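Everything below concerns the one structure shown next.
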Amino acid sequence: MQLSDFNYDLPPHLIAQHPLGNRTDSRLLEVKLDGINAAQLVDRQFRDILDLVKPGDLLVFNDTKVIPARLHGKKETGGNVELLIERITGDQQAWVQVRASKAPKMGSIVHIHNAAGETFPVEMIAYDGRFYEVRFPKNIFSLLEQFGELPLPPYIEHQPNDEDANRYQTVVAKNPGAVAAPTAGLHFDQAILLELNKLGVQVATVTLHVGAGTFTPVREEDLSKHQMHYEWFSIPPETLATVQETRRQGGRVIAVGTTSLRALESWALNQQSSGETNLFITPGFTFKTVDCLLTNFHLPKSTLLMLVSAFAGVDNIRNAYQHAISQEYRFFSYGDAMFLSRLNHTNT
C-alpha cells in the first residue's frame, strides 16, 4: 500500500486542544467487524464500554508514565536549542530530537537552562541521521524533573499547564519513560476500573515507553521503505500468563491502545517479553494475540492509522473516520475513542 492510501481531510476545529471535564466524558465509536462485510458503526458514550466488555475479558493497559521530556538550552555559540527526549538508553544517555537554526556538532556542549536560571551541560556524542545521542552529567530522570517540560504533541497549541500535568497521564501510569501518553488509557478513571472489576473483567499491564518517533511523519510513499522508530517495552510474566489463560477460557484480549497492542504482538512474533521493538503493522499483518482494540483517532498518514487499518480493514477505517468527522467527534490525544471488535470472535 502507499502512503497516500492513509490520508484524510480533518477540519482543524475537531482537533481536541483540552481534555473534557471528566475522563469518561468522551464519546466512543463502536466499530463492529464481521469478516469481509462492511463494519457496523454505533455512536456511544465512553461509559458504554461497560456494555461492550464481558466477564472473562482482559483489558491490557500500557502503564508507562510520561516524563517532562522537553528541554530548552543554548549552544556554546549562543544559538537557541530545543531537545526532546526520543528514548532513554542509560542512566546518563538518551537519544533526542534537536530543534536548532543550525545543527550542533559532535562533541559540542548544549547548556540546558530552566526558569530559575539554573543550567547543566549536555554533550552531543552521536547522530544517526534522525536523532542525536547525548550524554547527561548525572541521572537523567532527576535532571528532567528539575529542568524538563511536559512534551505535549505538536498539534496541541497551548503551553503545558497544571491540567495537562494531571490529564496527560493515565491513572495506571507508574513506570517513567514515555514522551507521549498512551492516549486510549486517558479515558479511564479509578471508578470505571472498579466497575469493570465488578463485572468480572480482568486488567493487566504492559510497559511500552512511547517515543517521540511516534510523531515523526512517514516520508516514503512506498511504505516498505519506511524505517520504524524503536521503542522499549516489557511484559511482566503475570501479564503473559493472564493473556494465555484468557484465551484458553474463551475470553477476549482487549488492547487499550496501539502501544499495548504493539507490545503484545511483538511478543507473539518472537517470544521475547522485553527489549526494543520497531514492529511496523500495516494491512496484511496477522494478529496473533489481540482480539479487540480500544484506540483514539489518529493523524493522517501516521503509522498508527496504518495499524488500526490493518486491524479493522482499510475501507472500514476510512468509513469510520468519515463518520466521526461528519458527527464531529474530537480527534487525537485529548479526543474521543473507538472500540474495534470482531463479531465472530473465536480463540485458536
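Numbering of the sequence shown is given in this note's numbering, commencing with residue 6 and proceeding in unit increments.
In this text, a Cβ means the ideal position worked out from N, Cα and C, and glycines have one as well.
None of the values given here were measured: they were computed from a predicted structure.
- Counting of Cβ neighbours within 10 angstroms places V115 among the buried residues, the total reaching 16 or more.
- Closest in C-alpha terms to E35, from the list I130, Q50, T282, comes Q50.
- In the pairwise beta carbon analysis, the segment 195-202 is classified as not touching the segment 283-301: fewer than three pairs are separated by under 8 Å.
- For A329, the uninterrupted alpha helix (DSSP H) segment begins and ends at 319-331.
- Rounded to the nearest whole angstrom, the C-alpha separation of C297 and S265 is 11 Å.
- Checking the DSSP bridge columns, you'll see Y132 partnered with Y137.
- Between the segment 71-85 and the segment 110-129, the count of C-beta pairs closer than 8 Å reaches three or more; the two stretches touch.
- When DSSP states are grouped into helix, strand and coil, S9 belongs to the helix group.
- Secondary structure remark: continuous alpha helix (DSSP H) runs of at least 4 residues inside the segment 35-80, in chain order: 54-57.
- If you draw a straight line from the Cα of S239 to the Cα of L245, it is about 11 Å long.
- Listed in chain order, the non-local C-beta contacts of E226 below 8 Å within the same chain comprise Q7, L8, S9, local neighbours out to five positions each way being set aside.
- Boundaries of the alpha helix (DSSP H) around S147: 145-152.
- A direct Cα-Cα distance of roughly 8 Å separates K306 from P222.
- For the pair A21 and F336, the CB atoms are nearer than the 8 Å cut-off.
- Secondary structure of I117 (DSSP, three-state): strand.
- Apart from sequence neighbours up to five positions away, the residues of its chain that approach N144 with a beta-carbon distance below 8 Å are D96, Q97, ordered along the chain.
- DSSP lists no beta-bridge partner residue for D296.
- Note that the segment 155-171 does not touch the segment 130-143; fewer than 3 beta-carbon pairs, one per stretch, sit closer than 8 Å.
- Between the segment 262-279 and the segment 158-174, the count of C-beta pairs closer than 8 Å stays below three; the two stretches do not touch.
- In terms of Cβ geometry, G61 and G289 do not form a close pair [threshold 8 Å].
- With distances taken between CA atoms, V313 lies nearest to T287 out of T287, S338, D56, R252.
- In the structure shown, L345 falls within a strand segment according to DSSP collapsed to helix, strand and coil.
- If you draw a straight line from the Cα of K70 to the Cα of I322, it is about 29 Å long.
- Annotated three-state conformation of R92 is strand, per DSSP.
- Counting of Cβ neighbours within 10 angstroms places M343 among the buried residues, the total reaching 16 or more.
- Take S279, set aside five residues on each side of it, and the residues of its chain with a beta-carbon closer than 6 Å to its own are S239, in chain order.
- According to the DSSP assignment, L213 belongs to the beta strand (DSSP E) that extends over 207-213.
- Going by C-alpha positions, V208 is about 43 Å away from T124.
- Linking L345 to P126 through their CA atoms gives a straight-line distance of about 47 Å.
- In the DSSP assignment, N180 falls within the beta strand (DSSP E) that extends over 180-183.
- The three-state reading of DSSP puts V261 in strand, counting E and B together.
- Between V248 and N67, the gap from beta carbon to beta carbon reaches 8 Å or more.
- Burial is judged here by how many other beta carbons sit within 10 angstroms of a residue's own beta carbon; D341 has at least 16 and is buried.
- Here E91 is not near G262, since their CB atoms are 8 Å or more apart.
- At a Cβ-Cβ threshold of 8 Å, P181 and I72 count as neighbours.
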